[in-house]
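So for the first sequence, our numbering puts the first residue at 2; every next one is plus one. We put the CB at the ideal spot given by N, CA and C, even for glycine. See structure below.
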Amino acid sequence: MIRIYNTLSKNKEMFKPIQEGQVNIYVCGMTVYDLCHIGHARVMVIFDMVRRWFDISGFQVNYIRNITDIDDKIISRSLQNNESIQSLTERYIDEMNADAKALGVISPSKEPKATEHIEDMISMIQILIAKQHAYVAKNGDVFYAVRSFDGYGKLSGKSIEDLRAGERVDVDQNKHDELDFVLWKSAKPNEPSWDSPWGKGRPGWHIECSAMSSHYLGHHFDIHGGGQDLQFPHHENEIAQSEAAHDCKMANYWMHNGFVRVDDEKMSKSLGNFFTIRTVLEKFDSEVVRFFILRAHYRSPLNYSDAHLDDAKIALQRLYVSLRGIEINHMEVDWNHPLAAKFKEAMDDDFNSPEAISILFELANEINKNKSLPVASLLKGLANMLGLLERDPEAFLKGDAKNSFDIDELISKRHKAKLNKDFKEADHIRSLLLENGVVLEDTPQGTIWRKE
RNA sequence: GGCGCGAUAGCAAAAUGGUUAUGCAGCGGCCUGCAAAGCCGUAGACGCCAGUUCGAUUCUGGCUCGCGCCUCCA
Numbered sequence: 002m003i004r005i006y007n008t009l010s011k012n013k014e015m016f017k018p019i020q021e022g023q024v025n026i027y028v029c030g031m032t033v034y035d036l037c038h039i040g041h042a043r044v045m046v047i048f049d050m051v052r053r054w055f056d057i058s059g060f061q062v063n064y065i066r067n068i069t070d071i072d073d074k075i076i077s078r079s080l081q082n083n084e085s086i087q088s089l090t091e092r093y094i095d096e097m098n099a100d101a102k103a104l105g106v107i108s109p110s111k112e113p114k115a116t117e118h119i120e121d122m123i124s125m126i127q128i129l130i131a132k133q134h135a136y137v138a139k140n141g142d143v144f145y146a147v148r149s150f151d152g153y154g155k156l157s158g159k160s161i162e163d164l165r166a167g168e169r170v171d172v173d174q175n176k177h178d179e180l181d182f183v184l185w186k187s188a189k190p191n192e193p194s195w196d197s198p199w200g201k202g203r204p205g206w207h208i209e210c211s212a213m214s215s216h217y218l219g220h221h222f223d224i225h226g227g228g229q230d231l232q233f234p235h236h237e238n239e240i241a242q243s244e245a246a247h248d249c250k251m252a253n254y255w256m257h258n259g260f261v262r263v264d265d266e267k268m269s270k271s272l273g274n275f276f277t278i279r280t281v282l283e284k285f286d287s288e289v290v291r292f293f294i295l296r297a298h299y300r301s302p303l304n305y306s307d308a309h310l311d312d313a314k315i316a317l318q319r320l321y322v323s324l325r326g327i328e329i330n331h332m333e334v335d336w337n338h339p340l341a342a343k344f345k346e347a348m349d350d351d352f353n354s355p356e357a358i359s360i361l362f363e364l365a366n367e368i369n370k371n372k373s374l375p376v377a378s379l380l381k382g383l384a385n386m387l388g389l390l391e392r393d394p395e396a397f398l399k400g401d402a403k404n405s406f407d408i409d410e411l412i413s414k415r416h417k418a419k420l421n422k423d424f425k426e427a428d429h430i431r432s433l434l435l436e437n438g439v440v441l442e443d444t445p446q447g448t449i450w451r452k453e
């Protein structure tokens, strides 16, 4: 049985699917106007882990991760770049997919774009207006009347009285109530727009997720996820829209992953303290990044630094070293193995990947002692479930960079020197290689090497 | 001001009402010409103050500190 920490109840709960053997997951994805940063990487990797684990646990997984391809920032970036919105968003969708692929993220079942579902949004807004949960303002904008929805605040634990709208940002004078949020924005000159019953305009941010989740997963589905910062107002507003429009619960379980931080501060665009996935991948192997993310619990904050990535790299190397030289051509995970059982227990308990990974190290220790093939295949099998250790150990340890010199030749030169007891020369060659990032290891079967 | 989360050894990071987390770094061995990798052993922890308990890092309350949300944000 899988247990999930549900933001709605602030408790771990047994996961019970709406439909036996099936799980419907909706995750808020990216707004595509720039390269993804490590915070985005975390969402992608975490929910990739979640959907993989459901899959392994025998569920039929329907995983939707949306793409926001129309919003203020996209519009301003397109003006700034003098680039069409479509070209801009398509470019960054490709970049995002490249990053996701590098991080071993399996494609969601469907990645719908907001602009492909304008009709769904319009009809949903019409329902909300008909039910008097929304109103058309003087300027043609459509707003959601927050006070018309009783459950407002149930996800984020806020009460309407405590919210301080306008404290930090000016309140739009067209709103009846300062807490109301926009469903439809009337078009300004030179902005992309769609026809609607309220004239030309474009959707507000929150409505897309309500519309797309119900389009693909139905009015009532199992899991809704996203970054912690979406909890309020985005997810709260989604609930208000969907539940008011459909008269039923939107999602049974709400999952939120913690932030990536830099020097104990949230990594964010506005603070400017972010690292793009692209930049990080120039310095670190993509699997190291994935390992780094999975090594912390998904709900905990994760501090980013080069030193922490280095640490993750060394740890991951240890796992690969244990598999080195063992031919695994058949992988079958025996859940009766005590460590496999512990792994499963950890993952079932709110996706405790750090605990699960600690078990991989216990297996590696076993392998290092006795080179056991079954244990090695168990290690690889379990790690693969997390999208780790999928590569050939030699390929990982040697890296794919071209070397400007012939390592094998130097190794054989060193071998000759060693036979002649010319240790000075042998050590010279070894340190020469080390200076170039190549570490030698003398084994009974001869000298092998790996990247530092 | 409101709401919420967290505080674990040098660093990172889990679990747990009484029993080794795990990785890196440290120390002592083994192996090696010396290393590296690996193995064995070892040290080191639960922010502070009360309470509950036979027993609390783990539960409860208070305090201190840090972080997040209340604006766009994964």
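Per DSSP, cross-strand counterpart(s) of residue i
i    : result
M15  : R4
W255 : H225
Y136 : F144
N304 : R262
L441 : W450
K284 : Beta-bridge pairing links K284 to no other residue.
Q23  : Q61
Expected contact under 8 angstroms - CB spacing of residue i and residue j to nearest Å
i    : j    : result
F60  : Q23  : 6 angstroms
L89  : W255 : Contact flag wrong, Cβ pair sits at about 31 angstroms.
E209 : M122 : 6 angstroms
I1   : I26  : There is no way to answer for residue 1, as the model of the chain reaches only from 2 to 453.
S194 : G202 : 6 angstroms
V46  : L104 : 6 angstroms
I368 : L380 : 6 angstroms
A241 : H118 : The pair is not a contact, with the Cβ atoms about 19 angstroms apart (cut-off 8 angstroms).
I130 : R148 : I130 to R148, Cβ: 16 angstroms. No contact.
H338 : S378 : In fact, because the Cβ distance is near 11 angstroms, the residues do not count as touching under 8 angstroms.
P355 : A297 : 6 angstroms
I278 : D100 : 4 angstroms
Residue i (DSSP reduced to helix, strand or coil)
i    : result
V322 : helix
H236 : helix
L164 : coil
Q446 : coil
W195 : strand
L295 : helix
G388 : coil
G202 : strand
L156 : coil
F182 : strand
D151 : coil
K267 : strand
Q127 : helix
S187 : strand
Q242 : helix
D350 : strand
K114 : strand
Cβ-heavy atom distance, residue i to the ligand FMN, below 6 angstroms
i    : result
W450 : The ligand FMN is absent from the structure shown, which contains no ligands of any kind.
Quiz item: Mind pulling the beta strand (DSSP E) runs of 3 or more residues that sit fully within the stretch 25–99?
Solution: Runs of the beta strand (DSSP E) inside the stretch 25–99: 61–66.
Exercise. Kindly confirm or deny that the stretch 63–70 and the stretch 187–195 touch, where touching means at least three C-beta pairs closer than 8 angstroms.
Key: As far as the Cβ criterion goes, the stretch 63–70 does not touch the stretch 187–195, which means the pair count is below three.
Practice problem: Give a yes or no on contact between the stretch 35–46 and the stretch 244–253, applying the rule of three or more CB pairs nearer than 8 angstroms. | Solution: The stretch 35–46, when compared against the stretch 244–253, does not touch it at the 8 angstroms Cβ threshold.
Practice problem: Please confirm if the stretch 225–232 is in contact with the stretch 145–152, defined as three or more CB-CB distances below 8 angstroms between the two stretches. | Solution: No: the two stretches stay apart, fewer than three of their Cβ pairs being nearer than 8 angstroms.
Quiz item: For the 8 angstroms Cβ check, are there 3 or more pairs between the stretch 275–293 and the stretch 332–352?
Solution: Taking 8 angstroms as the limit for Cβ pairs, the verdict is that the stretch 332–352 does not touch the stretch 275–293.
Quiz prompt | contact_flag[the stretch 432–447, the stretch 405–415] where n(CB pairs < 8 angstroms) is 3 or more | solution = In short, these stretches touch, since the Cβ pair count reaches three.
Self-check item: Cβ contact check for the stretch 345–365 and the stretch 45–54: 3 or more pairs under 8 angstroms
Solution: Flag = yes, the stretch 345–365 and the stretch 45–54 touch.
Quiz item: With a cut-off of 8 angstroms, do at least 3 Cβ pairs link the stretch 409–420 to the stretch 380–396?
Solution: Counting C-beta pairs with one atom in each stretch, the stretch 409–420 and the stretch 380–396 have fewer than three that are closer than 8 angstroms, which means they do not touch.
Quiz item: Are the stretch 275–289 and the stretch 65–85 in contact at 8 angstroms, needing three or more beta carbon pairs?
Solution: Three or more Cβ pairs closer than 8 angstroms define a contact, and the stretch 275–289 falls short of that threshold against the stretch 65–85.
Practice problem: Please determine if the stretch 272–286 and the stretch 170–187 are in contact, where contact requires at least 3 C-beta pairs separated by less than 8 angstroms. | Solution: Segment contact: the stretch 272–286 against the stretch 170–187, fewer than three CB-CB distances shorter than 8 angstroms; contact not assigned.
Quiz item: With a cut-off of 8 angstroms, do at least 3 Cβ pairs link the stretch 309–326 to the stretch 258–266?
Solution: Short answer: they don't touch.
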